[in-house]
Structure formats: C-alpha cells, structure tokens
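Numbering (our numbering), first residue to last: 1437 to 1731.
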C-alpha cells in the first residue's frame, strides 16, 4: 500500500482541474510544455504525470460524499477537510513521495488544500460514484446453446432457498455447497448478487466482433485500451456472448466477494496465492479474460 501526497479542492469542471495540475489534453503528453500552475506554486522543477493520480467527482461536491470517494481512510480525509472548513470538494490529486515534492512545498498549492501523506488504497473507497478498485471478472466466447440454456448456469434458486432456511433458523445446517449454481462452483463463490452480473448476447447469437461485445458488459471506457491485449492473449476475435461479475461492487465490506482465479498464462513473477483456484478450460463455453481493475 503506497503512501502519497494528497490534495483536495473544488473546480467548476474536470478540464479546469486537469489543466491546473498539468494533465490537460494539451499538457500530459508534452514533456516540453510549460510547468502547470500547480507545479509552479509548489516549486517543482518538473511535473511527472506518471507519478500522479487525479480524480474528479462529477456527481456530487458534498464534502462527506467526496471523502467516501477518496482512496484512503474516509474518516481521516473527512476530518482533514473539516479542519480546513471546506464546504464542498470534488477534486483530488495524489503524487508519489519519490517525485521530488517535499511536505513544505506541498502546502503552497494555491487552489488545492494539502491534506498530508496517506496510504493510497482503492479498497478504502466507499463511494458508489467510483468504480476504481472494483474487480470486473470478465468472460467472453462463443456458445452453442440457447440463451435459456446458457442462463441456467446462473440458476442459484436451490442454494438461496436453503440459505434462507438457515438464516431463518429453520435448520441448523448450512446450505450444501453442491446446491450452488455452476457459475459459483466454477469461480469459487457461495452465491452471487444478480445486480452485479452483466450479460450480453449478440443478436440471434451470430458471431460479432468480440471487443465490441465485451464493451457492452465492461462499460468503463478506462478498460478499452487494454481489452485488445486480453482478447489477443485468449485468441478470441469473434464471439456471441460475454459477461462480467463485479464481485466487490457494493462497496460494503460485509458484502465484498473476490474471484481469485490463477490464470495459466500468469507470468512466473506472479506467485499463486493460497486462495487462488485453477483456471478452467471454459466457463459454460466462455473463456476467462481476467479480473480487470483500475486505480
């Protein structure tokens, strides 16, 4: 869990915020560009976009909601915001400690309030307005069965009925794991939340461009640049079905789930963890692309 400098503030638009810190469309890819207002204010000799993370909350500027949006302790950030008397906030800048800005320099930002050094962890995010840190377990391929037959893969009625009996105290026995739907058996879950499952089929199950189909379930544009590489690794060009499950999509620790599949093509540097399960040849005829996460 890396520690970073944290600044927060309020800007009318995301573009104005990015322009101020040096990540505007005409700045972030130009190493010869003039230093941004932020960099000049804190006395930085240079500004390295690769060392910073900027986030802008479009949906709300309420300080409490913004604190839940920040990838570190909500309680600590809210306390800091209150100490500055902030009435609203929607902009966050985090900068790597090794990038050459000292604590003393950091306090001189004109349009941002410096909150100090905090551990950066997307798992600490509590806001429903951010998908950062969420795990998008993504599957795609070609099915030979009907849509109705395919959907039986997710039929967990028997397990949920048994779970309800147990929760109501009508039985002391926990549900038999064999009652789980095949999807949960395959990915190592007890049960899944239907509202976190996204499924897409091509029209009449005809083969279509796999990348376009996956984008129907993986709707976060931040993933679109990496999708072609995942599909190439899986040797998939065309498909008629895709789905993804967001195992920690509620932002509630008591509901968080994690799909831990150790992929066969994992680099040797990535060590298998105790909780990992083997990648299967297929998941109801689909291939597992991976757990896609963004920071």
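A virtual CB, placed ideally from N, CA and C, is assigned to each residue, including glycine.
Spatial neighbours of residue 1723 in its chain, beta-carbon cut-off 7 Å, leaving aside the 5 residues before and after: 1575, 1576, 1577, 1670 and 1672
Below 7 Å CB to CB, which residues in the same chain sit around residue 1492 once its five sequence neighbours on both sides are set aside? 1450, 1453, 1526 and 1527
Residue range of the alpha helix (DSSP H) that residue 1664 falls in? 1663-1669
Hey, would you say residue 1568 sits closer than 8 Å to residue 1558, going by beta carbons? yes
Using the Cβ count rule (16 or more neighbours within 10 Å means buried), how would you classify residue 1647? buried
Inter-stretch contact at 8 Å, needing at least 3 Cβ pairs: the region 1685-1704 / the region 1627-1637: The region 1685-1704 makes contact with the region 1627-1637; the number of CB pairs closer than 8 Å reaches 3 or more.
Ignoring anything shorter than 4 residues or poking outside the region 1508-1563, list the alpha helix (DSSP H) runs there in chain order. For secondary structure counted as the alpha helix (DSSP H) over 4 or more consecutive residues, the region 1508-1563 holds these complete runs in sequence order: 1510-1519 and 1539-1542.
Reduced DSSP secondary structure (H/G/I, E/B, other) of residue 1659: helix
Three or more C-beta pairs closer than 8 Å, one from the region 1710-1724 and one from the region 1617-1624: is that the case here? yes
If I follow the unbroken beta strand (DSSP E) through residue 1678, where does it start and stop? 1677-1682
What whole-angstrom Cβ distance do residue 1499 and residue 1522 have, given they're in contact under 8 Å? 5 Å
Alpha-carbon spacing of residue 1721 relative to residue 1534, whole angstroms: 47 Å
Identify whether residue 1618 lies in helix, strand or coil by the three-state DSSP scheme. helix
Quick one: Cα of residue 1612 to Cα of residue 1595, how far? Inter-residue distance for residue 1612 and residue 1595 is about 8 Å (C-alpha atoms, whole angstroms).
Give me the Cα-Cα distance between residue 1704 and residue 1698, rounded to the nearest whole angstrom. 11 Å
Short of 8 Å in beta carbon distance, which residues of its chain neighbour residue 1487, apart from the five on each side in sequence? Order them along the chain. 1531, 1532, 1534 and 1535
Using 8 Å as the threshold, is the region 1641-1658 in touch with the region 1673-1680, meaning 3 or more CB pairs across them? yes
Provide the residue span of the beta strand (DSSP E) that contains residue 1587, from first to last. No beta strand (DSSP E) holds residue 1587; the alpha helix (DSSP H) holding it covers 1583-1587.
In whole angstroms, what separates the C-alpha of residue 1538 from that of residue 1707? 35 Å
Segment limits, beta strand (DSSP E) that includes residue 1597: First-last for residue 1597: 1593-1603, but that is the alpha helix (DSSP H), not the beta strand (DSSP E).
Helix or strand or just coil, what does DSSP make of residue 1576? strand
When burial is assigned at 16 or more other CB atoms within 10 Å of the CB, is residue 1709 buried or exposed? Label assigned to residue 1709: exposed.
Straight-line gap, residue 1773 to residue 1517 (C-alpha atoms, nearest Å): Since the displayed the chain opens at 1437 and closes at 1731, residue 1773 lies outside it and no answer follows.
So the beta strand (DSSP E) residue 1723 belongs to, where does it begin and stop? First-last of the beta strand (DSSP E) with residue 1723: 1722-1728.
On the premise that residue 1555 lies in contact with residue 1508, defined as a C-beta separation below 8 Å, what is that separation, rounded to the nearest angstrom? 6 Å
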